[in-house]
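A.B. asks: Quick one: the structure is below, questions incoming.
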Amino acid sequence: MEFISTRGQVAPTPIDAALVAGLAPDGGLYVPEAIPTVDFTVPAGTLAATALRTLAPFFVDSALRGRLEAICADAFSFDAPLRPLAGRGDHVLELFHGPTAAFKDYAARFLARALEGLRDPASPPTTILVATSGDTGAAVAAAFHRRPGFRVVILYPDGKVSPRQAHGLGCWGDNVSAWRVEGSFDDCQRLAKQALSDEALRARVALGSANSISLGRLLPQAAYYAHAASHFHAAHRRTLNFIVPTGNLGNASAAFVARSMGAPVGEIRLACNANDTLPRYFAGGDYAPHATRATLANAMDVGAPSNFERLRHWHGSDAQLRAGFVAGSVDDATIRKVVAAAPARHGIVACPHTATALRLLQDLRDAGDVRDWAVVATAHPAKFETIVEPLVGRVVEPPPALAECLARPAQAQALAADYDALRRLLEG
Numbered sequence: 012m013e014f015i016s017t018r019g020q021v022a023p024t025p026i027d028a029a030l031v032a033g034l035a036p037d038g039g040l041y042v043p044e045a046i047p048t049v050d051f052t053v054p055a056g057t058l059a060a061t062a063l064r065t066l067a068p069f070f071v072d073s074a075l076r077g078r079l080e081a082i083c084a085d086a087f088s089f090d091a092p093l094r095p096l097a098g099r100g101d102h103v104l105e106l107f108h109g110p111t112a113a114f115k116d117y118a119a120r121f122l123a124r125a126l127e128g129l130r131d132p133a134s135p136p137t138t139i140l141v142a143t144s145g146d147t148g149a150a151v152a153a154a155f156h157r158r159p160g161f162r163v164v165i166l167y168p169d170g171k172v173s174p175r176q177a178h179g180l181g182c183w184g185d186n187v188s189a190w191r192v193e194g195s196f197d198d199c200q201r202l203a204k205q206a207l208s209d210e211a212l213r214a215r216v217a218l219g220s221a222n223s224i225s226l227g228r229l230l231p232q233a234a235y236y237a238h239a240a241s242h243f244h245a246a247h248r249r250t251l252n253f254i255v256p257t258g259n260l261g262n263a264s265a266a267f268v269a270r271s272m273g274a275p276v277g278e279i280r281l282a283c284n285a286n287d288t289l290p291r292y293f294a295g296g297d298y299a300p301h302a303t304r305a306t307l308a309n310a311m312d313v314g315a316p317s318n319f320e321r322l323r324h325w326h327g328s329d330a331q332l333r334a335g336f337v338a339g340s341v342d343d344a345t346i347r348k349v350v351a352a353a354p355a356r357h358g359i360v361a362c363p364h365t366a367t368a369l370r371l372l373q374d375l376r377d378a379g380d381v382r383d384w385a386v387v388a389t390a391h392p393a394k395f396e397t398i399v400e401p402l403v404g405r406v407v408e409p410p411p412a413l414a415e416c417l418a419r420p421a422q423a424q425a426l427a428a429d430y431d432a433l434r435r436l437l438e439g
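Have a look at this one:
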């Protein structure tokens, strides 16, 4: 299987080269020439086994083919449990049981193991450049920390992530450095894309990406949707629908991939915060990215979601794309209300991002929808204790791995939202 760019200006590329490159040379995002189908009728016993089943068709021609099982076993060594909520037919898919308490741990660990397996030990170190709106950077840092042959450069918007998120970005040291960018996440993302498409820079510096623009981030995320949906269907003979908190659209695009591969995934709804580029588009408006607005659900503070380019590629027209998804926007005042009500209404403490999905679930139930829905819990609420604890009236204890991160000292350096400054940093 080979991979092509969403912009169509690059020859078909083997998966190993696409993983190493991150971004296609024409500035597009790599996608498979065709999405393979897999038989998910009989669920695999573990999440790692489902990941292997999901990913194997993409790696048939890869140098990693013989090591794929071991890579999946390491990356998916912690579960993604589907738990019932208080309402009938309501569920939550918990994706926060990894080392940095966010869904991005699964794919970041997979990508780190994959790139390590593809790297020539005699080659110069590879710089993994990552822009983060809060959670990606910590997951990537944890996955690559002290991994020989790699350094990690994290760009995040100064003052626009939670205090614990910022700590999780800057507490690693060694081969990981965190940089506070004077701007928004979209500025960080723009700088990263510019560097990754700078051929002159890449001739001097070995660069890789760990953002959701990378295939190594997108494809592994399909595994937990396939796992939850196949087990639910086997137990109940019904299709499970998902509400996905959405910023850069990588997680929701992975749900689409799982469904396209044959997993019994039903409808996919996109829960957005006040950054309403996607809700406006799916309601029939033009795709018109806007400047990022700062919200309580800061990891979703994205005005120009990169993976929209993939979804548009996979659909023949705007009409077909709009027919495949529904998106809703949830403002900060509503997020606060949902977080405060979640323990009594749903039986859980929710982070602000998960709260956007809970609100869309409530809207569905109020409208009489009786189907089975799973809200995707993308991060542990303890990462946002300054928001959550006053609303629920109690302390939310961090899980052990997050507590360990918080116990370490952290530091980050300032960086202007200027490409020349970033290029000098990468060349240094």
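The sequence shown: position 110 = 121 (this note's numbering), numbered continuously.
Beta carbons are placed, not taken as given, at the ideal position from N, Cα and C, and that holds for glycine.
Computed from a predicted structure; not experimentally measured.
Should P135 be labelled buried (16 or more other beta-carbon atoms within 10 Å of its own) or exposed?
C.D. replies: exposed
A.B. asks: Taking a contact to mean a Cβ-Cβ separation below 8 Å, would you say D343 touches A285 in this structure?
C.D. replies: A distance below 8 Å separates the beta carbons of D343 and A285.
A.B. asks: Kindly indicate the opening and closing residues of the beta strand (DSSP E) around A189.
C.D. replies: V187 to V192
A.B. asks: From this set, R130, P92 and S223, which residue's C-alpha is nearest G148's C-alpha?
C.D. replies: S223
A.B. asks: For the candidate residues E320, R18 and M12, whose alpha-carbon lies nearest to that of R76?
C.D. replies: M12
A.B. asks: For E105, which option in A366, L93 and E400 has the closest C-alpha, if you only look at C-alpha atoms?
C.D. replies: Closest by C-alpha distance to E105, out of A366, L93 and E400, is L93.
A.B. asks: Grouping DSSP H, G and I as helix and E and B as strand, with all else coil, what is A45?
C.D. replies: coil
A.B. asks: Round the Cβ separation of G160 and R78 to the nearest angstrom and send it over; I've been treating them as touching at under 8 Å.
C.D. replies: In fact, because the Cβ distance is near 16 Å, the residues do not count as touching under 8 Å.
A.B. asks: Under a Cβ-count criterion, where at least 16 other Cβ atoms within 10 Å of its own Cβ denotes burial, should T52 be classed as buried or exposed?
C.D. replies: exposed
A.B. asks: So L192 packs on A428, CB below 8 Å; how close in whole Å?
C.D. replies: Here residue 192 is Val; the residue named in the question, Leu, does not match the sequence. Contact holds; Cβ gap of about 5 Å.
A.B. asks: In terms of DSSP beta bridges, what is P95 paired with?
C.D. replies: H102
A.B. asks: Within the chosen definition, does the region 348-356 reach the region 204-222 through at least 3 CB pairs nearer than 8 Å?
C.D. replies: Contact between the region 348-356 and the region 204-222 is absent: fewer than three C-beta pairs spanning the two stretches fall below 8 Å.
A.B. asks: Under the assumption that E415 contacts V407 (Cβ atoms under 8 Å), give the Cβ distance between them as a whole number of angstroms.
C.D. replies: Not confirmed; about 17 Å, so no contact.
A.B. asks: For Y117, collect the residues of the same chain with a Cβ closer than 7 Å to its Cβ; drop the 5 residues on either side in sequence, then sort them by chain order.
C.D. replies: Short of 7 Å from the beta carbon of Y117, and not among the five residues preceding or following it, lie these beta carbons of its own chain, in chain order: A86, F87, G109, P231, Q232 and Y235.
A.B. asks: Please classify V163 as buried or exposed, where buried requires at least 16 neighbouring CB atoms within 10 angstroms.
C.D. replies: buried
A.B. asks: Could you tell me the alpha carbon to alpha carbon distance between A425 and T288, rounded to whole angstroms?
C.D. replies: 29 Å
A.B. asks: Between the region 44-60 and the region 273-284, do at least 3 Cβ pairs fall closer than 8 Å?
C.D. replies: yes
A.B. asks: Between the C-alpha atoms of F319 and L260, what's the straight-line distance to the nearest angstrom?
C.D. replies: 7 Å
A.B. asks: Please state whether the Cβ-Cβ distance between P256 and H364 is less than 8 Å.
C.D. replies: A contact, by the Cβ cut-off of 8 Å.
A.B. asks: Tell me where the alpha helix (DSSP H) around G219 begins and ends.
C.D. replies: No alpha helix (DSSP H) holds G219; the beta strand (DSSP E) holding it covers L218 to S220.
A.B. asks: Looking at the structure shown, is W384 part of a helix, part of a strand, or coil, going by DSSP?
C.D. replies: strand
A.B. asks: Roughly how far, in whole angstroms, is the beta-carbon of R321 from the beta-carbon of L332, given that I think they are within contact range, below 8 Å?
C.D. replies: Under the criterion of beta carbons closer than 8 Å, R321 and L332 do not qualify as touching, at roughly 11 Å.
A.B. asks: Count the CB pairs spanning the region 298-308 and the region 352-360 that are closer than 8 Å, and state whether there are at least three.
C.D. replies: no
A.B. asks: Note down the Cα distance separating P43 from V337, rounded to an integer number of angstroms.
C.D. replies: If I take the Cα positions, the gap works out to 24 Å.
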